[in-house]
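I have placed the structure first, in the form of structure tokens, so that the comments after it can refer back to it.
Number of protein chains: 2
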Amino acid sequence: MLPADEMTDATPTAPPGAQRVVLAGPWRLRRGGELPSLTLAYETWGELNAARDNVVLIYTGLSPSSHAAATAAHPEAGWWEYVIGPGKPIDTRRWFVVCVNSLGSCFGSTGPASLDPRSGRPYRLRFPYLSVEDIAHAGWDVVRSLDIERLRVVIGASLGGMSALALAIEYPEAVDQLVTISAATHATPSAIALRSLQREIIRSDPAWRDGDYASGAGPVQGMRLARKLGLISYRSAEEWLIRFGRERVEPSPAAFDPQFQVEAYLDANAGKFAQHFDANCYLYLSRAMDDFDIAEHGGSAGAGLSRIQARRTLVVGVETDSLFPLYQQREIAEGLDELGREVEFVALPSLQGHDAFLVDTARYTPLLCDFFARA
Amino acid sequence: MLPADEMTDATPTAPPGAQRVVLAGPWRLRRGGELPSLTLAYETWGELNAARDNVVLIYTGLSPSSHAAATAAHPEAGWWEYVIGPGKPIDTRRWFVVCVNSLGSCFGSTGPASLDPRSGRPYRLRFPYLSVEDIAHAGWDVVRSLDIERLRVVIGASLGGMSALALAIEYPEAVDQLVTISAATHATPSAIALRSLQREIIRSDPAWRDGDYASGAGPVQGMRLARKLGLISYRSAEEWLIRFGRERVEPSPAAFDPQFQVEAYLDANAGKFAQHFDANCYLYLSRAMDDFDIAEHGGSAGAGLSRIQARRTLVVGVETDSLFPLYQQREIAEGLDELGREVEFVALPSLQGHDAFLVDTARYTPLLCDFFARA
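First to last, the sequence lines map onto chains A and B. Using our numbering, you'd call the opening residue of the first sequence number 1 and step up by one each time. Using our numbering, you'd call the opening residue of the second sequence number 376 and step up by one each time.
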């Protein structure tokens with residue numbers, strides 16, 4: 001096991017106060033290759049009880065860090081602030097909550113942007129081929145490093161929902177209850193097309209340099225453009241019609257500058273994202289989502305689902321989600337139901353598409369309150 | 376009036392056998408600026424009758440040339456081959472059909488890629504700001520140059536449908552009957568977001584050089600990527616699910632090469648497009664679609680529609696079209712109906728999204744046959 005200092009990432013950093021665990025290797029990845037060791041950043045909320053049986057593990061989507069909610073060490077609001085805390089849906093007076101920065105990401109966990117201890121240089125494209133199962137496995141290793149042998153609930157949305165499914169399939173004994181939100185047993189061809197195009201946009205930026213960009217000099221413009229495409233796929237046409245309509249911004253004399261509010265919104269959001277997310281990490285995580293297919297676990301989606309032993313499952317989807325469409329949520333729920341598992345399926349009419357779990361607090365708060373109250 | 380030879384485009388060419396008309400200027404554009412003269416490429420099918428009252432004008436979408444169907448001079452199939460010809464929906468034994476390459480495009484008509492006769496250099500970004508109304512006006516000028524004073528039918532899909540609407544609003548006396556397919560009275564914020572991103576992708580290609588690329592050395596990669604995004608918006612998730620599923624291609628050793636059939640399809644299609652479409656022309660035409668809003672004609676969409684005097688209108692839309700969604704077709708039809716106009720609204724369940732008019736021959740053939748038989 002290496003000292004954590006030697007594992008310091010090339011550019012990315014963990015959120016202030018995040019804990020890091022260093023796991024000795026060799027740590028083998030699903031599609032080949034191994035890591036000599038790995039560091040994973042995580043944060044926790046609430047207290048582990050004496051029986052060590054009040055644990056909720058949260059897997060994140062593609063882009064967030066472990067900072068799902070404010071902590072004493074880092075009081076800034078997290079990406080799921082309305083969900084985690086005293087009196088909130090995942091009530092930290094009762095639950096011990098763990099959120100892990102995904103393997104392959106860039107906020108304190110080992111990924112393409114971190115140093116390969118064998119060479120002292122960043123992995124970049126020498127990082128092994130990453131799969132969703134590896135992300136699930138790494139998150140589970142973090143929990144086990146805390147001497148926890150079973151999760152009361154594993155929960156995730158988007159990529160996090162895929163990771164939660166992967167954990168429940170590969171480590172069925174670990175999962176007492178499962179919540180998937182806007183997830184899927186595999187990516188649709190449309191979702192693959194969108195993500196493949198995002199990756200090609202990033203790789204087409206000359207600053208990408210086949211992944212060998214210098215720290216702080218990556219393909220910022222490619223990342224901006226890819227993020228804009230991401231935002232288009234994360235939200236819904238219905239929401240933007242109401243939110244932006246055809247409102248214009250101040251006219252600019254420059255040709256082809258943004259003219260409409262919707263363009264200015266994309267600009268502002270994408271600029272922020274491109275400054276802090278590592279491009280190679282994005283490529284690896286994005287491709288992992290395309291590849292994920294639980295049919296690899298037994299030959300069919302049904303066979304994959306049959307490995308899940310969760311006592312109770314909640315499957316949530318959103319009517320306006322075009323990236324992980326509602327019928328994919330129904331497939332998970334109906335698949336489990338046909339296997340005789342206890343499963344609840346909730347279709348939300350939120351306008352915010354794939355991103356609804358982040359912003360539609362009015363619908364998600366009571367839904368998650370109810371689930372966790374009975375967990 | 377200048378000899379047509381002096382108007383030869385910098386890179387683009389008209390289809391073989393296309394006719395070109397040169398209009399003396401100054402020709403003023405809607406949003407300011409003027410052209411000293413303009414050339415417009417067009418093709419015709421069938422014979423103009425003695426009364427000169429059997430004329431059908433076709434406006435194209437963003438990317439096609441005037442080559443809507445095979446001609447004696449150019450027997451290669453056109454982009455609407457199944458629609459135009461003897462015994463076809465627009466039966467050329469009866470109709471005299473004219474299709475114009477849009478003003479601002481690059482297949483023989485004046486646009487950013489053609490030479491400014493005042494300087495002898497290509498216009499590029501010195502081309503005046505282009506609007507859909509200018510495209511409609513230029514097409515109408517072609518028809519008038521043939522001593523035709525009234526159209527029996529004007530028809531267009533996508534941008535062509537916007538152009539047909541613009542003509543019917545600005546030259547109501549010119550239009551006896553109107554057909555709009557997958558059109559809109561204005562662009563939605565989602566459509567604006569997609570097109571704005573396409574334009575930014577093109578402009579981010581270093582080979583764009585602020586529009587001053589050398590002939591044949593334009594932003595090919597930017598155009599490839601923009602076209603892929605276009606294709607994603609033109610087709611539907613439902614179609615791709617059936618057509619591609621998760622079929623894979625031969626594995627490639629190169630990192631991030633296409634893995635799925637859907638990626639290979641986008642690659643093949645986009646490569647072809649990027650080789651023959653001029654980037655600056657694309658930017659101008661794309662922006663014109665964002666700007667179009669018939670509310671500019673009288674203060675509201677209803678006021679704009681009220682200018683239309685067509686004796687009969689057919690409005691067609693497709694359930695799976697996310698770029699020009701079906702409710703936008705319904706708005707056109709209901710708006711005309713409320714004004715007491717004779718209008719027929721057809722919602723097709725085609726799987727091919729915005730592109731259905733190009734490929735769903737089984738649904739469009741009888742629909743258009745019926746309309747033109749009674750025209």
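Even for Gly, the Cβ is constructed at its ideal location relative to N, Cα and C. Bear in mind the structure is a predicted one, so any value in this text is a computation, not a measurement.
- Item | Within chain B, the residues that A:E263 reaches when beta carbons sit closer than 8 Å | I567, A568 and S571
Tell me the residue span of the beta strand (DSSP E) that contains A:P36. E34 to W45
Within chain A, the residues that B:F648 reaches when beta carbons sit closer than 7 Å:
The premise fails here: B:F648 is roughly 14 Å from chain A at the closest Cβ pair, so nothing lies under 7 Å.
Whole angstroms are fine: how far does the CA of B:V624 sit from the CA of A:A193? 14 Å
At a Cβ threshold of 8 Å, is B:A511 touching chain A?
no
In this structure, how does DSSP classify A:H74 when only helix, strand and coil are distinguished? coil
Notebook entry, point to check: Which parts of the segment 77-157 of chain A are runs of the alpha helix (DSSP H), unbroken and 4 residues or longer, counting only runs that do not cross its ends?
Noted result: 132-145
Mind checking who B:F720 pairs with in its DSSP beta bridge?
-> B:V690
_So, with DSSP's three-state summary, where would you put A:Q309?_
coil
- Taking Cβ positions only, does A:P219 come closer than 8 Å to chain B? no
Alpha-carbon to alpha-carbon, A:L178 and A:D147: 20 Å
- request: Compare the C-beta of B:T419 against all C-beta atoms of chain A and say whether one is closer than 8 Å.
  value: no
Q) Going by the CB atoms, is the gap between B:F732 and B:S477 shorter than 8 Å? A) no
(message) Give me the subset of the segment 228-244 of chain A whose CB atoms are less than 7 Å from a CB atom of chain B, sorted by chain position.
(response) K228, L229, I232, A237, W240, L241 and F244
Does any CB atom of chain A fall closer than 8 Å to the CB of B:L500? yes
Original post:
Three-state secondary structure (DSSP) at A:D293?
Top reply: strand
Rounded C-alpha distance that separates B:R574 from B:A601 = 7 Å
Can you tell which of B:R469, B:G495 and B:A511 has its C-alpha closest to the C-alpha of B:R527? B:R469
Query raised in the report: From A:S252 to A:T365, what does the alpha carbon distance come to, in whole angstroms?
Result: 42 Å
**OP:** Compile a chain-ordered list of the residues in the segment 176-188 of chain A whose CB is closer than 8 Å to at least one CB of chain B.
**Re:** H186, A187 and T188
Assuming A:S66 and A:Y82 make a contact with CB atoms under 8 Å, what is their CB distance in whole Å? Wrong, their Cβ atoms sit about 17 Å apart, outside the cutoff.
Query raised in the report: Beta-carbon of B:T740 versus every beta-carbon of chain A: anything under 8 Å?
Result: no
**Item:** Bounding residues of the beta strand (DSSP E) (the contiguous stretch that carries A:Y59)
**Value:** V55 to Y59
Identify every residue that forms a DSSP beta bridge with A:I242. Answer is none; A:I242 lacks a bridge partner.
Original post:
Just checking my contact of B:I577 with B:G597 at CB under 8 Å: how many whole Å lie between their CB atoms?
Top reply: 4 Å
Check your understanding: Does B:D668 come within less than 8 Å of chain A when only Cβ atoms are used?
Key -> yes
For the segment 28-39 of chain A against the segment 115-130 of chain A, do three or more pairs of beta-carbon atoms, one drawn from each stretch, fall closer than 8 Å, so that the two count as touching?
yes
Name the chain A residues whose beta carbon is nearer than 7 Å to that of B:E753?
Only positions 376 to 750 of chain B appear in the structure, and residue 753 of chain B is not among them; the question remains open.
Helix, strand or coil at A:G299 according to DSSP, with G and I counted as helix:
coil
Exercise for review: Within its chain, find whatever has a CB closer than 7 Å to the CB of A:A70; leave out the 5 residues flanking it on each side and keep chain order.
Suggested key: E76, A77, G78 and E81
Rounded to whole angstroms, what's the CA-CA distance from A:W162 to A:E342? Just pull it up for me. Here residue 162 of chain A is Met; the residue named in the question, Trp, does not match the sequence. Straight-line Cα distance between these residues: approximately 19 Å.
Give a yes or no on whether 8 Å exceeds the smallest Cβ distance from A:A301 to chain B.
no
- request: Would you grab the beta carbon distance between B:H561 and B:I669 for me? Rounded to a whole angstrom, and I think it's under 8 Å.
  value: 7 Å
Distance CB(B:H651)-CB(B:I544) smaller than 8 Å: no
Can you tell me which residues form a DSSP beta bridge with B:W583?
Note: B:W583 sits in no beta bridge, so no partner.
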